[in-house]
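Enquirer: Below: one structure in structure tokens.
Number of protein chains: 2
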Amino acid sequence: MADRREMAVTPPTAARGSRRTARVSLPDACVRALTDAIERGIYPAGSPLPSENELADQLQVSRATLREALRTLEDRQLVVRRHGRGTFVSTAPIVNDLHRNFGITAMIRAAGYEPSTAGQEVTTGPAPRDAAERLGLARGETVTTLRRIRLADKRPVVLSVEVFPARLLTADDLARLSDSRQSLYGYLYAERGIAIHRGLAELTPVKAPAEIAAGLEVVRGSLLLCISQVDYDDTGKALMYSVEYHLPDWVRFTIERIGPGSAADD
Amino acid sequence: MADRREMAVTPPTAARGSRRTARVSLPDACVRALTDAIERGIYPAGSPLPSENELADQLQVSRATLREALRTLEDRQLVVRRHGRGTFVSTAPIVNDLHRNFGITAMIRAAGYEPSTAGQEVTTGPAPRDAAERLGLARGETVTTLRRIRLADKRPVVLSVEVFPARLLTADDLARLSDSRQSLYGYLYAERGIAIHRGLAELTPVKAPAEIAAGLEVVRGSLLLCISQVDYDDTGKALMYSVEYHLPDWVRFTIERIGPGSAADD
DNA sequence: CGGATTTAGATTGTCAGACGTCTGGCAACT
DNA sequence: AGTTGCCAGACGTCTGACAATCTAAATCCG
Chain A
458 MADRREMAVT
468 PPTAARGSRR
478 TARVSLPDAC
488 VRALTDAIER
498 GIYPAGSPLP
508 SENELADQLQ
518 VSRATLREAL
528 RTLEDRQLVV
538 RRHGRGTFVS
548 TAPIVNDLHR
558 NFGITAMIRA
568 AGYEPSTAGQ
578 EVTTGPAPRD
588 AAERLGLARG
598 ETVTTLRRIR
608 LADKRPVVLS
618 VEVFPARLLT
628 ADDLARLSDS
638 RQSLYGYLYA
648 ERGIAIHRGL
658 AELTPVKAPA
668 EIAAGLEVVR
678 GSLLLCISQV
688 DYDDTGKALM
698 YSVEYHLPDW
708 VRFTIERIGP
718 GSAADD
Chain B
458 MADRREMAVT
468 PPTAARGSRR
478 TARVSLPDAC
488 VRALTDAIER
498 GIYPAGSPLP
508 SENELADQLQ
518 VSRATLREAL
528 RTLEDRQLVV
538 RRHGRGTFVS
548 TAPIVNDLHR
558 NFGITAMIRA
568 AGYEPSTAGQ
578 EVTTGPAPRD
588 AAERLGLARG
598 ETVTTLRRIR
608 LADKRPVVLS
618 VEVFPARLLT
628 ADDLARLSDS
638 RQSLYGYLYA
648 ERGIAIHRGL
658 AELTPVKAPA
668 EIAAGLEVVR
678 GSLLLCISQV
688 DYDDTGKALM
698 YSVEYHLPDW
708 VRFTIERIGP
718 GSAADD
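Protein sequence lines correspond, in order, to chains A and B.
Numbering of the first sequence is given in the working numbering, commencing with residue 458 and proceeding in unit increments.
Numbering of the second sequence is given in the working numbering, commencing with residue 458 and proceeding in unit increments.
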């Protein structure tokens, strides 16, 4: 009898979080718990999840509630459900679906390269116009900026700039973070109780300006794909603004598209 | 007493489609029906949907099943659910989420321009290598190719090439289609019982080659965003392959990103 | 013994009904 | 007028049951 409730989701009434935990629905809590478990490798790719009855029992929710969560996981293609057989962790070659908001390191690793970082610079100062606007900050508010070059097998492939309101993350935090080998997401959640919920990314093709070309070791004017993104928490508050300049050929940028809008095209 | 069941979803057993309709789950059928109704404007943005009980009644499914569908719609941000009040059609400015697989025409219209088409060419012949590979066809199998230039307020913004297996869609079909003012998706569904379920798109920045530059009326070597996509039905069979060359500045290419992978970044 | 068939069990899909909680409006009371 | 209490309607969750599907063991038959 393996100790259950090891994974139990917050009971309906008891909000153990301090202030106002902006209570999240039970299915959403299950989605979090299961996503987490899958990504931690507790349920490896291709393996079956426990049956719905067992899972509902472990998470201490009803089967209907659990099924809502599973539906979301299925929509996100994290699991596959087979009638009469069970629910399985997806083995789909998660090529690189931009719809999933994973970090560059994970992206490099998923592509089969060894990730590393170079030329890291942390600066603190007043927010530049674009960042302030996208983060919803007053002009001149202090932000922490992290500029890095990401390498795949020692080859520069991405130049990234990440901007945080200083009140969320200071240069000190970043120093502590790079020591602790923790994920940025994990750090924000553990230390600040802040969870990134979604992001809105914008894609544009650009020609490399001189400074960026130098960092990526390509000639000026080379083709790059620029991904600028704002991340939000579950209340819709902007947490982080980032700009990434990607070499176009080191990985395939793919998107799973759902739909169609059936009344859509001409 | 407004006649209900006007919207009823396929009853569990009766598969009215001919061969094997590759039966789709009831929640998915509800998703389709509701998405359709919303996009047809039956439920305008901001308006409340009928209550879950009513909807379940109209669609002739249980409330649990309906709720699974609503959950998917909520995940896709088509509706917003408010405890104690109701479910409302999302008013969010659906900027242009690449995650949603709507056609170029809808995209242009959503951006506030008047869509039109120019330079349409339909050809029939053996599949070129890339198309055959992506559609899973034998080398040399016949395909129908549709090449168009899309205009927003009379300005060329996209050059698109769409390739279909001739057994699915012939040049005649396309001619009939452009007469009937019907959607391509709608035509496939109505005439062939085929529903496009999802697509996988790949994005690459490119410099315009001469021929494409001419079509889009830009200078050779201009920056373009190339979106090449394969669309699949719900069994995973490839139906259509398309390549679109977009001017980078006529609209913002955005993606809603979910997650994060909590154990993701470095 | 070997192969085909049947059967039992496990698991997901769907349903019907019930109760809790939240919201907003209206009436009664201060 | 302002507050309070009540109530109807809506979503959130739970329970138990049955149907459909798949696997694999058990059975039957040649």
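We treat Cβ as the ideally placed atom computed from N, Cα and C, and that holds for glycine.
Let me check understanding here. Comparing Cα to Cα, which of 706/A, 500/A, 702/A, 494/A lies closest to residue 671/A?
Expert: The residue labelled residue 671/A in the question sits at position 214 within the first sequence. Taking only the C-alpha atoms, the option nearest residue 671/A is 702/A.
Enquirer: State yes or no: is the beta carbon of residue 545/A nearer than 8 Å to at least one beta carbon in chain B?
Expert: Within the first sequence, residue 545/A is the residue found at index 88, counting from 1. It does not: the Cβ of residue 545/A has no partner Cβ on chain B nearer than 8 Å.
Enquirer: Please report the distance separating the alpha-carbon of residue 637/A from that of residue 644/A.
Expert: Position 180 of the first sequence holds residue 637/A. Position 187 of the first sequence holds residue 644/A. Straight-line Cα distance between these residues: approximately 9 Å.
Enquirer: Per DSSP, what are the beta-bridge partners of residue 622/A in this structure?
Expert: For the purposes of this step, residue 622/A is taken as the residue at position 165 of the first sequence. Bridge partners of residue 622/A: 600/A.
Enquirer: Among the candidates 685/A, 704/A, 708/A, whose CA atom is the shortest distance from the CA of residue 713/B?
Expert: Translated into positions along the second sequence, residue 713/B becomes position 256. Considering only alpha carbons, the answer is 685/A.
Enquirer: Work out the CA separation of residue 617/B and residue 629/A for me, nearest whole Å.
Expert: For this step, residue 629/A is matched to residue 172 along the first sequence. For this step, residue 617/B is matched to residue 160 along the second sequence. Rounded to the nearest angstrom, the two C-alpha atoms are 50 Å apart.
Enquirer: Does DSSP put residue 478/B in a helix, in a strand, or in coil?
Expert: Along the second sequence, read from residue 1 onward, the residue named residue 478/B stands at position 21. Only weak support exists for where residue 478/B lies, its pLDDT of 38 falling under 50; the value from the coordinates is given anyway. Note: residue 478/B maps to coil in three-state DSSP.
Enquirer: Curious, which full-length alpha helix (DSSP H) runs of at least 4 residues does the stretch 482 to 526 of chain B contain?
Expert: 483 to 496, 509 to 516
Enquirer: At a Cβ threshold of 8 Å, is residue 658/B touching chain A?
Expert: By 1-based counting over the second sequence, the position of residue 658/B is 201. Yes, residue 658/B lies at the interface with chain A (some Cβ there is under 8 Å from its Cβ).
Enquirer: For residue 495/B, which residues of its own chain have a beta-carbon under 7 Å away from its beta-carbon, when the five flanking residues on both sides are left out?
Expert: Here residue 495/B corresponds to residue number 38 of the second sequence, with the count starting at 1. 535, 546.
Enquirer: Considering Cα atoms alone, identify which of 533/A, 619/A, 615/A is closest to residue 704/A.
Expert: For this step, residue 704/A is matched to residue 247 along the first sequence. Here the closest residue by C-alpha is 615/A.
Enquirer: Return the bridge partner residues of residue 536/A from the DSSP annotation.
Expert: Translated into positions along the first sequence, residue 536/A becomes position 79. According to DSSP, residue 536/A bridges with 546/A.
Enquirer: Excluding sequence positions up to five away, which residues of its chain have a Cβ less than 7 Å from the Cβ of residue 524/B?
Expert: In the second sequence, the residue the question calls residue 524/B occupies position 67. Closer than 7 Å at Cβ, skipping near neighbours: 509.
Enquirer: Could you check if residue 414/A is buried or exposed, using at least 16 other CB atoms within 10 Å of its CB as the buried criterion?
Expert: Outside the displayed span of chain A (458 to 723) sits residue 414/A, for which this structure offers no information.
Enquirer: For residue 587/B, does the three-state DSSP call read helix, strand or coil?
Expert: Residue mapping note: residue 587/B aligns to position 130 of the second sequence, counting from 1. Note: residue 587/B maps to helix in three-state DSSP.
Enquirer: For the stretch 653 to 677 of chain B, which residues have a CB atom closer than 9 Å to at least one CB atom of chain A, in sequence order?
Expert: Identification of residues in the stretch 653 to 677 of chain B having a C-beta nearer than 9 Å to some C-beta of chain A yields 653, 654, 655, 656, 657, 658, 659, 660, 661, 662, 663, 664, given in sequence order.
Enquirer: Given this structure, state the Cα-to-Cα distance separating residue 634/A from residue 584/A, to the nearest angstrom.
Expert: Here residue 634/A is taken as the residue at index 177 of the first sequence, counted from 1. Here residue 584/A is taken as the residue at index 127 of the first sequence, counted from 1. Rounded to whole angstroms, residue 634/A and residue 584/A show a C-alpha spacing of 22 Å.
Enquirer: Please return the same chain residues whose Cβ sits closer than 7 Å to the Cβ of residue 674/B, not counting the five positions on each side in sequence.
Expert: As a first step, residue 674/B is located in the second sequence; it is residue number 217 there, counting from the start. Closer than 7 Å at Cβ, skipping near neighbours: 613.
Enquirer: In three-state terms, what does DSSP make of residue 702/B?
Expert: Walking along the second sequence from the start, residue 702/B turns up at place 245. Note: residue 702/B maps to strand in three-state DSSP.
Enquirer: For chain A, find out if any of its Cβ atoms is closer than 8 Å to the Cβ of residue 586/B; answer yes or no.
Expert: On the second sequence, residue 586/B is found 129 positions in, with the first residue counted as 1. Not one chain A Cβ lies under 8 Å of residue 586/B.
Enquirer: My guess is that residue 653/A and residue 696/A are in contact by the Cβ rule of under 8 Å, so how many angstroms apart are they, rounded?
Expert: Position 196 of the first sequence, counted from the start, is the residue given in the question as residue 653/A. Position 239 of the first sequence, counted from the start, is the residue given in the question as residue 696/A. Contact between residue 653/A and residue 696/A holds, since their C-beta atoms are separated by about 6 Å, short of 8 Å.
Enquirer: Since residue 644/B is in the alpha helix (DSSP H), which residue starts that stretch and which ends it?
Expert: Here residue 644/B corresponds to residue number 187 of the second sequence, with the count starting at 1. Segment 641 to 649, the alpha helix (DSSP H) holding residue 644/B.
Enquirer: If we call anything under 8 Å between Cβ atoms a contact, is residue 519/B one with residue 513/B?
Expert: Numbered from 1 along the second sequence, position 62 holds the residue referred to as residue 519/B. Numbered from 1 along the second sequence, position 56 holds the residue referred to as residue 513/B. Yes, they are a contact pair.
Enquirer: For residue 674/B, does the three-state DSSP call read helix, strand or coil?
Expert: By one-based count along the second sequence, residue 674/B stands at place 217. In this structure, residue 674/B counts as coil in the three-state DSSP scheme.
Enquirer: Let me confirm a value: residue 544/B is counted as buried when at least 16 other C-beta atoms fall within 10 Å, else exposed. Which label applies?
Expert: The residue given as residue 544/B occupies position 87 in the second sequence. Classification for residue 544/B: buried.
Enquirer: Using the three-state DSSP reduction, which class does residue 606/A fall into: helix, strand or coil?
Expert: Mapped onto the first sequence, residue 606/A falls at position 149. It is a strand residue.
Enquirer: Determine, for residue 521/A, whether the minimum Cβ-Cβ distance to residues of chain B falls below 8 Å.
Expert: Position 64 of the first sequence, counted from the start, is the residue given in the question as residue 521/A. Closer than 8 Å to some Cβ of chain B, the Cβ of residue 521/A qualifies, so yes.
Enquirer: Below 8 Å on C-beta distance, what does residue 649/A contact in chain B?
Expert: If you number the first sequence from 1, residue 649/A lands on position 192. Those within 8 Å of residue 649/A in chain B number zero; the least Cβ separation is about 15 Å.
Enquirer: For residue 478/B, count neighbouring Cβ atoms within 10 angstroms of its own Cβ and tell me buried if that reaches 16, exposed if not.
Expert: Here residue 478/B refers to the residue found at position 21 of the second sequence. Since pLDDT at residue 478/B reaches only 38, below the 50 mark, its modelled position is unreliable, and the value read off the structure follows with that caveat. Exposed, by the Cβ-count rule.
Enquirer: Starting from residue 637/A, follow its DSSP beta bridges and name the residues at the other end.
Expert: As a working note, residue 637/A is residue 180 in the first sequence. According to DSSP, which records beta bridges pairwise, residue 637/A is partnered with nothing at all.
Enquirer: Of all Cβ atoms in chain A, is any one closer than 8 Å to the Cβ of residue 710/B?
Expert: Residue 710/B sits at position 253 when you count from the first residue of the second sequence. True, the Cβ-Cβ gap to chain A drops below 8 Å.
Enquirer: Give the straight-line distance between the Cα atoms of residue 582/B and residue 594/A, rounded to the nearest whole angstrom.
Expert: Sequence index remark: in the second sequence, residue 582/B carries index 125 (1-based). Sequence index remark: in the first sequence, residue 594/A carries index 137 (1-based). Cα to Cα, residue 582/B sits roughly 57 Å from residue 594/A.
Enquirer: So with Cβ pairs under 8 Å, would you call residue 705/B a contact of chain A?
Expert: If you number the second sequence from 1, residue 705/B lands on position 248. It does; some Cβ of chain A falls within 8 Å.
Enquirer: Between the stretch 528 to 545 of chain B and chain A, which residues of the former have a C-beta closer than 8 Å to a C-beta of the latter?
Expert: Only those residues of the stretch 528 to 545 of chain B whose C-beta falls short of 8 Å from the nearest C-beta of chain A are listed: 528, 529, 532, 533.
Enquirer: Of the choices 657/A, 603/A, 691/A, whose alpha-carbon is the least far from that of residue 580/A?
Expert: In the first sequence, the residue the question calls residue 580/A occupies position 123. When only C-alpha atoms are compared, the closest one is 603/A.
Enquirer: Could you name the residues of the same chain whose beta carbon sits closer than 6 Å to that of residue 655/B, not counting the 5 residues immediately before and after it, in chain order?
Expert: What you label residue 655/B is simply residue 198 of the second sequence in a count that begins at 1. Leaving aside the five residues that flank residue 655/B on each side, the residues in its chain whose CB is nearer than 6 Å to its CB run, in chain order, 689.
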